[in-house]
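Below is one structure, written out as structure tokens; the observations come after it.
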Amino acid sequence: MVADYGRSIWHDAIVNNSARPSRKLKIMVFVPCYNEEVYIGSVVLRSKYYTDDVVVIDDGSCDKTAEVAQLAGAHVIRHEVNKGKGAGIKNAFAYAKKADADILVLMDGDGQHNPDEIPLLIKPIISGEADIVNGSRFLVKDSHNVPKYRRFGQGVLNVLTNVVSRHKFTDSQSGFRAFSRNTFDCFSFMQTGMGIESEMLIEAARANLQVKEVQINVRYDVSGSTLNPLVHGVSVAGSIVKTLFQQNYTVTCGFCGVLLLLLGTTGFSFLAIEPYDLSRNLLIGITSVSMLSIILGILCVFTLLTTSARETGQVAGQR
Numbered sequence: 005m006v007a008d009y010g011r012s013i014w015h016d017a018i019v020n021n022s023a024r025p026s027r028k029l030k031i032m033v034f035v036p037c038y039n040e041e042v043y044i045g046s047v048v049l050r051s052k053y054y055t056d057d058v059v060v061i062d063d064g065s066c067d068k069t070a071e072v073a074q075l076a077g078a079h080v081i082r083h084e085v086n087k088g089k090g091a092g093i094k095n096a097f098a099y100a101k102k103a104d105a106d107i108l109v110l111m112d113g114d115g116q117h118n119p120d121e122i123p124l125l126i127k128p129i130i131s132g133e134a135d136i137v138n139g140s141r142f143l144v145k146d147s148h149n150v151p152k153y154r155r156f157g158q159g160v161l162n163v164l165t166n167v168v169s170r171h172k173f174t175d176s177q178s179g180f181r182a183f184s185r186n187t188f189d190c191f192s193f194m195q196t197g198m199g200i201e202s203e204m205l206i207e208a209a210r211a212n213l214q215v216k217e218v219q220i221n222v223r224y225d226v227s228g229s230t231l232n233p234l235v236h237g238v239s240v241a242g243s244i245v246k247t248l249f250q251q252n253y254t255v256t257c258g259f260c261g262v263l264l265l266l267l268g269t270t271g272f273s274f275l276a277i278e279p280y281d282l283s284r285n286l287l288i289g290i291t292s293v294s295m296l297s298i299i300l301g302i303l304c305v306f307t308l309l310t311t312s313a314r315e316t317g318q319v320a321g322q323r
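Residue 5 is where the sequence shown starts when you use this note's numbering, and the numbers rise one by one after that.
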């Protein structure tokens, strides 16, 4: 049984681990959710087997999610309106830091994640192997319980996340993760929606945090209030691209520079030169805008080149 195995690991990791600190670890489980009154009670009760500190972040639910969570023994943080999963996770990290938590565990409230696998996630942190543990559905390639359409969509999002982060993750969209206390100040939380999972992995990779993946089991036979997979996928893909431009100054400069040069030269060639050849009247407005676009494009590309040269020089100096 998974439950018995998880509890055995919990006992070994927490009670008998020789690397265990002298004081008891404060482990907090946070469950961001929206309209999950059917499942949230069991998620809280099963999580409380491993810690008394279970916090449900109710993101403006229209049902009885908050009430059920409180009855099950969780502390509830309520958003008056739906702010998105990213906003809920931001609240979780702020709360954990204020509460002086040692380990923060994130899991979804729709019943897909198994609370009995919490020990699997936190063990690498306790042993000092990792700063972050990512629960992966795809670490074992024969994970047959994952629907094919989800596997394909997740594969696309994994590729995008891995390209931007320059790190290999097998499940970039997992909502079941554990974080050590030294990661609490490492995230910007720019994404308020579902793109937060990829953003956190990208920022973790860039901060050189040790991320370990462990195999988890996920249920797909529950009728939680999940988004349409296509809508979810497109939204996350857009968020990953947005994160790339927000966090990578050189890429943004390069992209904008090339775009401005293309627009400027195209506008000048077809909207200014051709009419001038026909009428001998130069269109001052279009010409001015085109030339400004070209100048700005050159400046952006020049900035990209000088920044890249400076970074290359710094790396060479460190060697």
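Even for Gly, the Cβ is constructed at its ideal location relative to N, Cα and C.
None of these values were measured; they are calculated from a predicted model.
So, are the CB atoms of residue i and residue j less than 7 Å apart?
i: Met194; j: Lys89; result: no
i: Glu84; j: Asp67; result: no
i: Leu110; j: Phe34; result: yes
i: Asn86; j: Ile61; result: no
i: Gly268; j: Ser292; result: no
i: Ile107; j: Ile129; result: yes
i: Phe188; j: Lys101; result: yes
i: Leu49; j: Ala76; result: yes
Does the CB of residue i have a neighbour CB from chain C at under 7 Å?
i: Asn212; result: The structure shown contains no chain C; it is built from a single protein chain.
In this structure, does DSSP put residue i in helix, strand or coil?
i: Gln177; result: coil
i: Asp120; result: helix
i: Met198; result: coil
i: Ile61; result: strand
i: Gly139; result: strand
i: Glu203; result: helix
i: Val163; result: helix
i: Lys94; result: helix
i: Ser169; result: helix
i: Ala105; result: coil
i: Glu373; result: For residue 373 there is no data in the structure shown, the boundaries of the chain being 5 and 323.
i: Arg223; result: coil
i: Met295; result: helix
i: Ser192; result: coil
i: Val48; result: helix
i: Val85; result: coil
i: Val66; result: The residue you asked about is not Val; residue 66 is Cys in the sequence shown. The answer is coil: DSSP assigns Cys66 none of H, G, I, E or B.
i: Ile100; result: Position check: residue 100 holds Ala in this sequence, whereas Ile was assumed. Correct three-state label for Ala100: helix.
i: Ala209; result: helix
i: Ala78; result: coil
i: Phe156; result: helix
i: Ala182; result: strand
i: Val144; result: coil
i: Glu40; result: coil
i: Leu303; result: helix
i: Leu282; result: For Leu282, the predicted structure reports a pLDDT of 48, less than 50, and the residue's modelled location is therefore unreliable. The matter cannot be settled from this model.
i: Leu267; result: helix
i: Leu110; result: strand
Whole angstroms are fine: how far does the CA of residue j sit from the CA of residue i?
i: Lys216; j: Phe97; result: 19 Å
i: Val47; j: Cys260; result: 46 Å
i: Ser51; j: Val160; result: 32 Å
i: Ala134; j: Arg185; result: 11 Å
i: Ala208; j: Cys190; result: 7 Å
i: Phe156; j: Lys28; result: 42 Å
i: Gln177; j: Asn39; result: 20 Å
i: Asp57; j: His79; result: 8 Å
i: Asn212; j: Ser294; result: 43 Å
i: Thr310; j: Leu263; result: 19 Å
i: Tyr53; j: Pro119; result: 9 Å
i: His171; j: Asn162; result: 10 Å
i: Ile302; j: Leu265; result: 7 Å
i: Ser65; j: Thr307; result: 47 Å
i: Arg82; j: Tyr224; result: 27 Å
i: Leu282; j: Ile299; result: At Leu282, the pLDDT of 48 sits below 50, so the modelled position is not reliable and the matter cannot be decided from this model.
i: Gly132; j: Ala103; result: 22 Å
i: Pro36; j: Asp112; result: 6 Å
i: His117; j: Thr270; result: 53 Å
i: Val59; j: Lys30; result: 13 Å
i: Thr55; j: Tyr43; result: 19 Å
i: Gln74; j: Asp63; result: 15 Å
i: Tyr99; j: Ser192; result: 15 Å
i: Gln214; j: Lys127; result: 14 Å
Under 8 Å by Cβ, that's how I've got residue i and residue j pegged, so tell me the actual separation to the nearest angstrom.
i: Asp114; j: Phe142; result: 19 Å between Cβ atoms; not a contact.
i: Met204; j: Ala105; result: That belief does not hold up - the Cβ atoms of Met204 and Ala105 are roughly 17 Å apart, past 8 Å.
i: Val72; j: Gly45; result: 5 Å
i: Val144; j: Val218; result: Their Cβ separation, rounded to whole angstroms, is 10 Å, which puts Val144 and Val218 out of contact at 8 Å.
i: Ser202; j: Thr165; result: 4 Å
i: Val305; j: Gly258; result: 7 Å
i: Val168; j: Ile206; result: 5 Å
i: Ile220; j: Phe180; result: 6 Å
Got a sec: does the ligand NAD put a non-hydrogen atom nearer than 6 Å to the Cβ of residue i?
i: Glu41; result: As far as ligands go, the structure on display features none, and thus does not contain the ligand NAD.
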